[in-house]
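Chemist: Residue numbers (my numbering): 483 to 931.
Below is one structure. I have some questions about it.
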């Protein structure tokens, strides 16, 4: 049932972006309510708790605003763009599996490795590339690939290795990925073009990677390891697959940017609109369309059934944020941010502190970003768009490394059977350094332009 409800809701949402008729928007609202009810039976943990709190608070605020009761269902569209991306991502992930790009990247892990420092850089690079396409599925995949190699090391060393290696690589690849929700949402909030901030984000990511590799060289260089050489294949084929993977990403970015320019309907919506047809076309070009369709549909059904947590929390959060924006409660915070329009460095530091605090007390960064966007709305015309976008993206995505409520930490903690707070502590210092560096870069760019 969840597959049918979520699919109908997302399709209607896409239609509503082209047809602005009341009946379409009311239909989206009705299905949004149905999706919340259905998801409530399957939501678990922090998602269930947060979703319930957001829905109750949003309902109370709706009553407080004294709007007609039948308009209640019209306040759920705000987050459907985010949910749509989660909905279509399995089609891109399946393409990576069918094209065996992930398997060829894994072979790179097994070539001429002699110590843990070299493995750190190698697995970091593989996680970085896979994370662009497989998203969160990259983490359990690499944990399973590395378990045999690291089994003789102390458990605490292995857990720290996984936490710092995989989560940092995953976060730093997301910083500039056009398929990352935080990136595409921020682009729409700040009203900037992706190609304008891409070189800056790549520079920040590169500097952070080099700094992390320098740290790992000091920590792991004296720890020897060995691989089973039986699975090491011909590297020429591996490099060809990696080059093809990079080509896929570049082509996808170009097409999305073009569609965004033509439709003028937002970067996130352009990504959602193009992922499925692009993946199908690529499967045809590599002559694996039949196998792709079988795997993609099966994977999509499995992932869609597992989206109850996201649908319940984000639809409820969308109601809460929209209702909050229509009350005077946010007006108490707006003057504080208004004062920083002349002191933008202070504004960027406040944004960094905001994501640090909210991520540690249970807010998902997407919810935090959506709420912050409402607070910043009055001052957006007065603040340089590119530095603001860079700050929002880097500070929000750094939470991937340390927030105990983020799905990346939750999945790794489950794989390692370890407390997520402990994993977060191993990365929070690096995340704060990343935030400070990105804010420094953003402020420097502001002064230059």
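No residue lacks a Cβ here, since even glycine has one placed at the ideal position from N, Cα and C.
The structure displayed is predicted, hence computed values, not measured ones.
Tell me whether the beta-carbon of residue 706 lies closer than 8 angstroms to the beta-carbon of residue 596.
Modeler: Yes, these two residues count as a Cβ contact at 8 angstroms.
Chemist: Could you tell me the distance, in whole angstroms, from the CA atom of residue 563 to the CA atom of residue 904?
Modeler: Whole-angstrom Cα-Cα distance: 33 angstroms.
Chemist: Compare the Cα-Cα distances from residue 491 to each of 898, 504 and 509 and report the closest residue.
Modeler: Nearest of 898, 504 and 509 to residue 491, Cα basis: 509.
Chemist: Tell me the DSSP bridge mates of residue 586?
Modeler: Residue 586 pairs with nothing; no bridge assigned.
Chemist: Kindly confirm or deny that the segment 908-921 and the segment 879-890 touch, where touching means at least three C-beta pairs closer than 8 angstroms.
Modeler: With a cut-off of 8 angstroms, the segment 879-890 and the segment 908-921 count as touching, because enough Cβ pairs lie within range.
Chemist: Would a C-beta distance cut-off of 8 angstroms place residue 834 and residue 927 closer than the cut-off?
Modeler: No, the pair does not count as a contact, with Cβ atoms beyond the cut-off.
Chemist: Is it buried or exposed, residue 785, if we count other Cβ atoms within 10 angstroms and call 16 or more buried?
Modeler: Buried, since its Cβ has 16 or more Cβ neighbours within 10 Å.
Chemist: Rounded to whole angstroms, what is the Cα-Cα separation between residue 861 and residue 826?
Modeler: Straight-line Cα distance between these residues: approximately 11 angstroms.
Chemist: Can you tell which of 668, 690, 749 and 779 has the C-alpha that lies nearest to the C-alpha of residue 653?
Modeler: It is 690 whose Cα lies nearest to the Cα of residue 653.
Chemist: Report the three-state DSSP secondary structure of residue 866 (helix, strand or coil).
Modeler: DSSP places residue 866 in coil when its eight states are reduced to three.
Chemist: Quick check on residue 593: does DSSP put it in helix, strand or coil?
Modeler: If DSSP states are grouped into helix, strand and coil, residue 593 belongs with coil.
Chemist: Classify residue 677: buried if its beta carbon has 16 or more other beta carbons within 10 angstroms, exposed otherwise.
Modeler: The residue in question, residue 677, is exposed, as its Cβ has fewer than 16 Cβ neighbours within 10 Å.
Chemist: Quick check: residue 624 and residue 599, are their CB atoms within less than 8 angstroms of each other?
Modeler: Not a contact, by the Cβ cut-off of 8 angstroms.
Chemist: Kindly indicate the opening and closing residues of the alpha helix (DSSP H) around residue 791.
Modeler: Residue 791 -> alpha helix (DSSP H) spans 790-807.
Chemist: Candidates 573, 607, 869 and 575: which alpha carbon is nearest residue 589's?
Modeler: Of the listed residues, the one whose Cα sits closest to residue 589 is 607.
Chemist: State yes or no: is the C-beta of residue 803 within less than 8 angstroms of the C-beta of residue 549?
Modeler: Taking 8 angstroms as the Cβ cut-off, residue 803 and residue 549 do not qualify as a contacting pair.
Chemist: In angstroms, rounded to a whole number, what distance separates the CA positions of residue 581 and residue 663?
Modeler: Their backbone Cα atoms lie some 24 angstroms apart in a straight line.
Chemist: Going along the chain, which residues of its own chain have a beta-carbon closer than 8 angstroms to the beta-carbon of residue 556, five neighbours each way excluded?
Modeler: The residues are 507, 508 and 511.
Chemist: Can you find the residues in the same chain that come closer than 6 angstroms, C-beta to C-beta, to residue 880, ignoring five residues on each side of it along the sequence?
Modeler: Counting only Cβ-Cβ distances below 6 angstroms, and skipping sequence neighbours, we find 913, 916 and 917.
Chemist: In or out: residue 743 buried (at least 16 other Cβ within 10 Å) or exposed?
Modeler: With fewer than 16 other Cβ atoms within 10 Å, it is exposed.
Chemist: Cα separation between residue 631 and residue 647?
Modeler: In a straight line, the C-alpha of residue 631 is about 15 angstroms away from that of residue 647.
Chemist: What's the C-alpha gap between residue 558 and residue 683?
Modeler: About 31 angstroms.
Chemist: Can you tell me where the alpha helix (DSSP H) holding residue 517 begins and where it ends?
Modeler: Element bounds for residue 517: 504-522.
Chemist: Leaving out five residues on either side along the sequence, give the residues of the same chain with a beta carbon under 8 angstroms from the beta carbon of residue 668.
Modeler: Answer for residue 668: 851, 871, 874, 875 and 878, listed in chain order.
Chemist: If you reduce the DSSP assignment to three classes, tell me which class residue 636 lands in.
Modeler: It is coil, neither helix nor strand.
Chemist: Using three-state DSSP, classify residue 550 as helix, strand or coil.
Modeler: Three-state DSSP puts residue 550 in coil, outside helix and strand.
Chemist: How would you write the range of the alpha helix (DSSP H) that residue 787 sits in, first residue to last?
Modeler: Per DSSP, residue 787 belongs to the alpha helix (DSSP H) from 771-787.
Chemist: Evaluate the contact criterion for the segment 785-795 versus the segment 524-534: three or more CB pairs, one atom per stretch, below 8 angstroms.
Modeler: A contact exists between the segment 785-795 and the segment 524-534.
Chemist: Run the CB neighbour count on residue 666, radius 10 Å, all protein chains shown included, and call it buried at 16 or more, exposed below.
Modeler: Residue 666 should be labelled buried.
Chemist: Jot down the residue ranges of each uninterrupted beta strand (DSSP E) in the segment 816-840, minimum 3 residues, whole runs only, in chain order.
Modeler: Runs of the beta strand (DSSP E) inside the segment 816-840: none found.
Chemist: With 16 as the cutoff for other CB atoms within 10 Å, does residue 809 come out buried or exposed?
Modeler: Residue 809 comes out exposed.
Chemist: What is the DSSP secondary structure of residue 860, reduced to helix, strand or coil?
Modeler: Looking at residue 860 - three-state DSSP - the assignment turns out to be helix.
Chemist: Taking the Cβ atom as the reference point for each residue, do residue 520 and residue 754 lie within a distance shorter than 8 angstroms?
Modeler: Not a contact, by the Cβ cut-off of 8 angstroms.
Chemist: Using beta-carbon positions only, say whether residue 546 and residue 798 come within less than 8 angstroms of one another.
Modeler: The answer is no: Cβ separation not under 8 angstroms.
Chemist: Give me the residue from 530, 603 and 515 with the minimum Cα distance to residue 697.
Modeler: Minimum Cα distance to residue 697 is reached at 603.
Chemist: For residue 949, does the three-state DSSP call read helix, strand or coil?
Modeler: No information on residue 949 is available, as it lies outside the stretch 483 to 931 that the chain covers here.
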